[in-house]
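Just so we're aligned: the sequence shown equals residues 36 to 387 in my numbering.
These notes are about the structure you will find just below.
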Amino acid sequence: MFACTGYAATAAEARLAPFSFTRRDVRPDDVQIEILYCGVCHSDLHQARNEWHNTVYPCVPGHEIVGRVVETGGNVTRFRAGDLVGVGCLVDSCRECRNCRDGLEQYCEVGFVGTYNGRDRQDGSITYGGYSSAVVVDQSFVLKVPGNLDPAAVAPLLCAGITTYSPLRHWKVGPGQRVGIVGLGGLGHMGVKFARAFGAEVVLFTTSASKVEDGLRLGAHEVVLSRDADAMAREAGRFDFILDAVAADHDINAYLNLLKRDGTLVQVGAPEEKLPIAAFSLILKRRSFAGSLIGGIPETQEMLDFCGTHGITADIEMIRMDEIEDAYARMLRSDVKYRFVIDMATLQPTAG
Ligand code: NAP
Ligand code: ZN
Ligand code: ZN
Numbered sequence: 036m037f038a039c040t041g042y043a044a045t046a047a048e049a050r051l052a053p054f055s056f057t058r059r060d061v062r063p064d065d066v067q068i069e070i071l072y073c074g075v076c077h078s079d080l081h082q083a084r085n086e087w088h089n090t091v092y093p094c095v096p097g098h099e100i101v102g103r104v105v106e107t108g109g110n111v112t113r114f115r116a117g118d119l120v121g122v123g124c125l126v127d128s129c130r131e132c133r134n135c136r137d138g139l140e141q142y143c144e145v146g147f148v149g150t151y152n153g154r155d156r157q158d159g160s161i162t163y164g165g166y167s168s169a170v171v172v173d174q175s176f177v178l179k180v181p182g183n184l185d186p187a188a189v190a191p192l193l194c195a196g197i198t199t200y201s202p203l204r205h206w207k208v209g210p211g212q213r214v215g216i217v218g219l220g221g222l223g224h225m226g227v228k229f230a231r232a233f234g235a236e237v238v239l240f241t242t243s244a245s246k247v248e249d250g251l252r253l254g255a256h257e258v259v260l261s262r263d264a265d266a267m268a269r270e271a272g273r274f275d276f277i278l279d280a281v282a283a284d285h286d287i288n289a290y291l292n293l294l295k296r297d298g299t300l301v302q303v304g305a306p307e308e309k310l311p312i313a314a315f316s317l318i319l320k321r322r323s324f325a326g327s328l329i330g331g332i333p334e335t336q337e338m339l340d341f342c343g344t345h346g347i348t349a350d351i352e353m354i355r356m357d358e359i360e361d362a363y364a365r366m367l368r369s370d371v372k373y374r375f376v377i378d379m380a381t382l383q384p385t386a387g
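And the structure:
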């Protein structure tokens, strides 16, 4: 075991605070990583505040990790000390079920092990995430980071990137399609970039008038203010595909009504409350409503390599570790431009 420092929530109502803990020494297949940067996902906030009603405290969030390998176990062949690597939302799965064999570990039938708030399959301990100085992960769940990209701006690709890349690929979004992205936050801004890179006609839906220019700069062909009822009415029945990345309660039927016949709306945003769907929103035009969870390890590597080739990273705002609660507050005000990333060099060693 070795000593780590980090930030943890100790209860749903508690502010994140410095936290000392230990991590396991490397097992034969493990990689020990010194964390350089960790992105701040809205899921971290949902989890820290128990909005999904399954948080185990203390909870060290963070699943958009970029760091350097410092040590490897005896069986590790893919990595060596000094390599720049990434860890996303997954650190293990059963590796035997149909979904794991298909490289879709996020849908593991036994249940994947989350980077935080998961349970280690070997020793039963609760996993702690990337708001910390170091992490130990099985080599099969460690990603190679392209060397030509800014490592801090790569961190958000490990969740926001793959969560938007995967459904856009699965539903074969591309040229000739009119595609909507709902919500310009961490996920949404990556959705805009990927949909544009895949050749679609991209329309951003935002509640924030202040984000129109940024939406266009990030790659949208058009920006629609979703609180403008006339503007929304003009878009009815015009979309092949819509990706909804909204973190809060909102009217899902307003977006289903924008789909063409046989269009699909994929929900990736995970609000605490249920989203009520009117049957006729789907029936009238044979529309589909679907969901998608992050992405598997092979596709995450494919996404990182795609980003390396095309020079794609997140637009980030770097913060100090002790600014995390301010970042959460801004996130709740939809004031993220467009992903906070913690500079882990600002994590002070804690006493005791
Ligand atoms: P974020 O950075 O906070 O972005 C969310 C955006 O949603 C906001 O910037 C805002 O964009 C819009 N929004 C917020 N409140 C709204 C409201 N009341 N009505 C309409 N729009 C609203 O969050 P994120 O990190 O991108 O995460 C988004 C959601 O995806 C979270 O629920 C997160 O837990 C979930 N998530 C899911 C997966 C998955 O695998 N499915 C993976 C990661 C995250 P505008 O200002 O443009 O309106
Ligand atoms: Zn996330
Ligand atoms: Zn499995």
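Just so you know, even glycine gets a beta-carbon here, dropped at the ideal spot from N, CA and C.
Keep in mind it's a predicted model, so treat the numbers as computed, not measured.
Hey, residue i and residue j: beta-carbon distance below 8 Å or not?
{"i": "residue 149", "j": "residue 162", "result": "yes"}
{"i": "residue 3", "j": "residue 336", "result": "There is simply no residue 3 to check, as the chain begins at 36 and stops at 387 in what is shown."}
{"i": "residue 267", "j": "residue 258", "result": "no"}
{"i": "residue 125", "j": "residue 332", "result": "yes"}
{"i": "residue 188", "j": "residue 348", "result": "yes"}
{"i": "residue 339", "j": "residue 121", "result": "yes"}
{"i": "residue 56", "j": "residue 42", "result": "no"}
{"i": "residue 321", "j": "residue 350", "result": "no"}
{"i": "residue 215", "j": "residue 293", "result": "yes"}
{"i": "residue 250", "j": "residue 242", "result": "no"}
{"i": "residue 139", "j": "residue 199", "result": "no"}
{"i": "residue 253", "j": "residue 228", "result": "yes"}
{"i": "residue 334", "j": "residue 128", "result": "no"}
{"i": "residue 141", "j": "residue 330", "result": "yes"}
{"i": "residue 373", "j": "residue 220", "result": "yes"}
{"i": "residue 73", "j": "residue 97", "result": "yes"}
{"i": "residue 46", "j": "residue 92", "result": "yes"}
Please name the residue or residues paired with residue i in a DSSP beta bridge.
{"i": "residue 373", "result": "DSSP, once it has assigned bridges, lists no residue as partnering residue 373."}
{"i": "residue 394", "result": "The structure shown has nothing for residue 394, since the chain only spans 36 to 387."}
{"i": "residue 121", "result": "101, 178"}
{"i": "residue 154", "result": "161"}
{"i": "residue 72", "result": "101, 378"}
{"i": "residue 398", "result": "Nothing about residue 398 can be read from this structure; the chain reaches only from 36 to 387."}
{"i": "residue 213", "result": "236"}
{"i": "residue 149", "result": "125"}
{"i": "residue 173", "result": "65"}
{"i": "residue 259", "result": "240"}
{"i": "residue 107", "result": "66"}
{"i": "residue 94", "result": "44"}
{"i": "residue 352", "result": "375"}
Please return the same chain residues whose Cβ sits closer than 6 Å to the Cβ of residue i, not counting the five positions on each side in sequence.
{"i": "residue 236", "result": "213, 256"}
{"i": "residue 375", "result": "75, 352, 354, 362"}
{"i": "residue 86", "result": "307"}
{"i": "residue 44", "result": "51, 83, 94"}
{"i": "residue 281", "result": "217, 218, 304"}
{"i": "residue 59", "result": "171"}
Quick check on DSSP: helix, strand or coil for residue i?
{"i": "residue 65", "result": "strand"}
{"i": "residue 226", "result": "helix"}
{"i": "residue 343", "result": "helix"}
{"i": "residue 329", "result": "coil"}
{"i": "residue 387", "result": "Its pLDDT being 43, under 50, residue 387 is placed unreliably by the model, and nothing is read from it."}
{"i": "residue 185", "result": "coil"}
{"i": "residue 278", "result": "strand"}
{"i": "residue 304", "result": "coil"}
{"i": "residue 135", "result": "helix"}
{"i": "residue 167", "result": "strand"}
{"i": "residue 248", "result": "helix"}
{"i": "residue 293", "result": "coil"}
{"i": "residue 312", "result": "coil"}
{"i": "residue 283", "result": "coil"}
{"i": "residue 219", "result": "coil"}
{"i": "residue 112", "result": "coil"}
{"i": "residue 60", "result": "coil"}
{"i": "residue 88", "result": "coil"}
{"i": "residue 49", "result": "coil"}
Starting from the C-beta of residue i, find all residues in its chain whose C-beta is less than 7 Å away, skip the five residues before and the five after it, and write them out in chain order.
{"i": "residue 386", "result": "Here residue 386 scores only 48 on pLDDT, less than 50, and its place in the model is too uncertain to base an answer on."}
{"i": "residue 70", "result": "100, 102, 165, 167, 168, 169, 170, 379"}
{"i": "residue 317", "result": "291, 324"}
{"i": "residue 206", "result": "276, 299, 301"}
{"i": "residue 365", "result": "371"}
{"i": "residue 315", "result": "none"}
{"i": "residue 80", "result": "363, 366"}
{"i": "residue 313", "result": "288"}
Could you pull out every residue in the same chain whose Cβ sits closer than 8 Å to the Cβ of residue i, ignoring the five residues on either side in sequence?
{"i": "residue 154", "result": "148, 160, 161, 162"}
{"i": "residue 107", "result": "61, 65, 66, 67, 114, 115, 116, 174"}
{"i": "residue 244", "result": "260"}
{"i": "residue 238", "result": "213, 214, 215, 216, 255, 256, 257, 258, 259, 270, 274"}
{"i": "residue 404", "result": "What the structure shows of the chain is the stretch from 36 to 387, and residue 404 is not part of that stretch, so it cannot be assessed."}
Report whether the distance from the Cβ of residue i to the nearest heavy atom of ligand 4 is below 7 Å.
{"i": "residue 245", "result": "With respect to small molecules bound, the structure shown includes ligand 1, ligand 2 and ligand 3 and not ligand 4."}
- For ligand 3, enumerate in chain order all residues having a CB closer than 7 Å to any of its heavy atoms. Result (chain order): 128, 129, 130, 131, 132, 134, 135, 140, 143, 144, 145.
- Item | Pocket of ligand 2 defined by Cβ to heavy atom distance under 5 Å | 76, 78, 194
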